[in-house]
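Visitor:
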Amino acid sequence: MGHVPPGPEHDADAAARGVAKALTGRRIAALVAFDVAAVLLVVGLVALAVWQVHRRAYKLDLIARVEARVHAAPSPAPGPDDWAGMSTAADEYRRVSVTGRWLGDDSALVKAVTELGGGFWVMAPLARDDGTIILVNRGFVPETERDPAAWRSRSSGPVSVVGLLRMSEPGGAFLRANDPAADRWFSRDVAVIAEARGLNNVAPYFVDAEREPGGSGLPVAGLTVIAFSNNHLVYTFTWGALALMAAAGAIFVNLDLLRPGWLRPRQEGVHES
Numbered sequence: 007m008g009h010v011p012p013g014p015e016h017d018a019d020a021a022a023r024g025v026a027k028a029l030t031g032r033r034i035a036a037l038v039a040f041d042v043a044a045v046l047l048v049v050g051l052v053a054l055a056v057w058q059v060h061r062r063a064y065k066l067d068l069i070a071r072v073e074a075r076v077h078a079a080p081s082p083a084p085g086p087d088d089w090a091g092m093s094t095a096a097d098e099y100r101r102v103s104v105t106g107r108w109l110g111d112d113s114a115l116v117k118a119v120t121e122l123g124g125g126f127w128v129m130a131p132l133a134r135d136d137g138t139i140i141l142v143n144r145g146f147v148p149e150t151e152r153d154p155a156a157w158r159s160r161s162s163g164p165v166s167v168v169g170l171l172r173m174s175e176p177g178g179a180f181l182r183a184n185d186p187a188a189d190r191w192f193s194r195d196v197a198v199i200a201e202a203r204g205l206n207n208v209a210p211y212f213v214d215a216e217r218e219p220g221g222s223g224l225p226v227a228g229l230t231v232i233a234f235s236n237n238h239l240v241y242t243f244t245w246g247a248l249a250l251m252a253a254a255g256a257i258f259v260n261l262d263l264l265r266p267g268w269l270r271p272r273q274e275g276v277h278e279s
C-alpha cells in the first residue's frame with residue numbers, strides 16, 4: 007500500500023493546531039505580564055502605606071518636641087558662634103530671650119492674615135550689645151494702622167523681648183514674591199529684609215515676640231499659630247485599602263482566567279467532513 011499524501015483536511019488540522027498553540031502562548035504571556043504589573047502595583051501601594059506610618063511617627067515626635075519648646079523657660083537667643091549650626095528641626099519654636107535697642111526707623115511691614123483680620127507683621131531690628139542684630143516680629147497691625155506713628159516704639163534704652171525663635175522665610179508667599187525695591191513684603195525673609203535696610207551682622211532667624219502680661223495697643227504680639235497637619239493615619243489606611251483592592255482584583259482575574267479549559271482555544275471554523 008503506497009504513501010497517501012496529506013490532503014486538504016490534514017493541512018487544515020495542522021494549521022488549526024499551530025494557531026491554537028500560538029494563541030495559548032499569547033494568553034500565558036498576557037497573564038504573566040498582568041501578574042507582574044499587579045505585583046508591582048501592590049508592592050508600590052504597600053510601600054506608600056509603610057512610608058505614611060513612618061511619617062506619622064516623625065510628625066508625632068515633632069509635635070511633642072515643639073510643645074516642649076514653646077512651654078520651656080526662655081534661653082538666650084543664639085549668638086554668631088551658633089548660627090552656622092542652626093536648623094529648622096533643632097531650633098524652630100525655641101523659646102528665647104534677647105536684649106537690645108530698637109532701630110525703629112528700619113522696620114519692615116510684612117503682609118499677614120491673622121485671627122484679627124488682614125494687616126501686617128512689624129519686623130523690627132533689635133541691636134544687641136555685641137554688635138549683632140536680630141529681627142523681631144513685634145506683632146500685628148491692621149491695614150488701617152500701617153502708619154508707624156501709631157505703633158513705633160518710643161523707647162531708646164535697652165528692652166528685653168521673650169518670644170519664639172523662627173527660621174527665615176525666603177522667597178515670598180505663594181504666587182507673591184517679595185519686592186524689596188517697592189518695599190512690599192509677603193514673607194519674613196530675614197536676609198533680604200536686612201539687605202534692603204542696609205543692616206549687617208544680622209542673625210539668620212527672627213523672633214516672634216510674646217504678648218506681655220497686661221500688654222495692650224499696637225502691635226499685637228503673641229499671635230504665632232503653631233499647627234501641624236497630621237493626616238498620615240488616614241493616608242496609611244487609604245494606601246493600604248488600595249493595596250488590598252489591587253491584590254484582590256488580581257487574584258480574581260487569575261482565578262477567572264485559569265479556570266479549566268481557558269488555555270484550550272476554541273477551534274472555530276474547523277469541522278469534520
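Position in the sequence shown (first residue = 1) + 6 = this note's numbering.
Glycine included, C-beta positions come from ideal geometry on N, C-alpha and C.
Per DSSP, what are the beta-bridge partners of I139 in this structure?
Guide: Its beta-bridge partners are A133, V208.
Visitor: Do the segment 170–181 and the segment 152–159 make contact, defined as three or more Cβ pairs closer than 8 Å?
Guide: Result no; under three Cβ-Cβ pairs closer than 8 Å.
Visitor: Does the pairing of the segment 113–129 with the segment 144–156 give three or more beta-carbon distances under 8 Å?
Guide: Taking 8 Å as the limit for Cβ pairs, the verdict is that the segment 144–156 does touch the segment 113–129.
Visitor: State yes or no: is the C-beta of V76 within less than 9 Å of the C-beta of I232?
Guide: Yes; because the gap between Cβ atoms is below 9 Å, this pair is in contact.
Visitor: Using CA atoms only, rank isn't needed, just tell me which of D136, R265, D153 is closest to V104.
Guide: Considering only alpha carbons, the answer is D136.
Visitor: Using 9 Å as the threshold, is the C-beta distance between A133 and R100 below it?
Guide: No. Outside cutoff.
Visitor: Is it buried or exposed for R203, if we count other Cβ within 10 angstroms and need 16 for buried?
Guide: Buried, since its Cβ has 16 or more Cβ neighbours within 10 Å.
Visitor: Look at the alpha carbon of I199 and the alpha carbon of W89, and state the distance between them as a whole number of angstroms.
Guide: Going by the C-alpha atoms only, they are around 18 Å apart.
Visitor: Just to confirm the assignment, what range does the beta strand (DSSP E) spanning G106 have?
Guide: First-last of the beta strand (DSSP E) with G106: 101–108.
Visitor: Can you pull the DSSP bridge partners for P82?
Guide: According to DSSP, which records beta bridges pairwise, P82 is partnered with S103.
Visitor: Measuring CB atoms only, is the segment 255–266 touching the segment 176–194, in the sense that at least three cross pairs come out at less than 8 Å?
Guide: Verdict: no, contact absent.
Visitor: Check the C-beta distance from N207 over to T94 and give it rounded, since I have them as a contact under 8 Å.
Guide: With a Cβ gap of about 22 Å, N207 and T94 do not count as contacting.
Visitor: Exposed or buried, S279, counting other C-beta atoms within 10 Å across all chains shown (16 or more means buried)?
Guide: Because S279 sits at a pLDDT of 43, beneath the cut-off of 50, its placement in the model cannot be relied upon, and the point is left open.
Visitor: What residue range does the alpha helix (DSSP H) around M251 cover?
Guide: Start and end: 238–263.
Visitor: Using the C-alpha atoms, what's the distance from R62 back to V48?
Guide: The straight-line gap from Cα to Cα measures roughly 21 Å.
Visitor: Am I right that L109 and P131 are in contact with their C-beta atoms under 8 Å? What's the rounded C-beta distance?
Guide: Contact flag correct, Cβ pair sits at about 4 Å.
Visitor: When DSSP labels each residue in this structure, what does D195 get in the three-state scheme?
Guide: D195 falls in the coil class under three-state DSSP.
Visitor: Output the distance between the C-alpha atoms of L239 and F192, rounded to the nearest integer angstrom.
Guide: So the alpha carbons of these two residues sit roughly 33 Å apart.
Visitor: Enumerate in chain order the residues of its own chain whose CB-to-CB distance from E274 is below 8 Å, with the five nearest sequence positions on each side excluded.
Guide: Low per-residue confidence applies at E274: pLDDT is 49, beneath 50, and the placement is therefore not dependable enough to give any value.
Visitor: With a threshold of 16 other CB atoms inside 10 Å of the CB of Y64, please say whether the residue is buried or exposed.
Guide: Burial call: exposed.
Visitor: Out of V38, D97, D41, which has the shortest C-alpha to C-alpha gap to F212?
Guide: Checked all of V38, D97, D41; the closest Cα to F212 is D97.
Visitor: Could you check where the alpha helix (DSSP H) with T94 kicks off and where it finishes?
Guide: Where T94 is concerned, the enclosing alpha helix (DSSP H) stretches over 94–97.
Visitor: Could you tell me the distance, in whole angstroms, from the CA atom of A249 to the CA atom of A53?
Guide: In a straight line, the C-alpha of A249 is about 10 Å away from that of A53.
Visitor: Could you compute how far the alpha carbon of A247 sits from the alpha carbon of F234?
Guide: When rounded, the distance between both Cα atoms is 25 Å.
Visitor: What are the start and end residues of the beta strand (DSSP E) that includes A114?
Guide: First-last of the beta strand (DSSP E) with A114: 114–120.
Visitor: Ordered along the chain, which non-local residues of its own chain (more than five positions away) have a Cβ less than 7 Å from that of T230?
Guide: Excluding positions up to five away in sequence, the list reads L170, D214.
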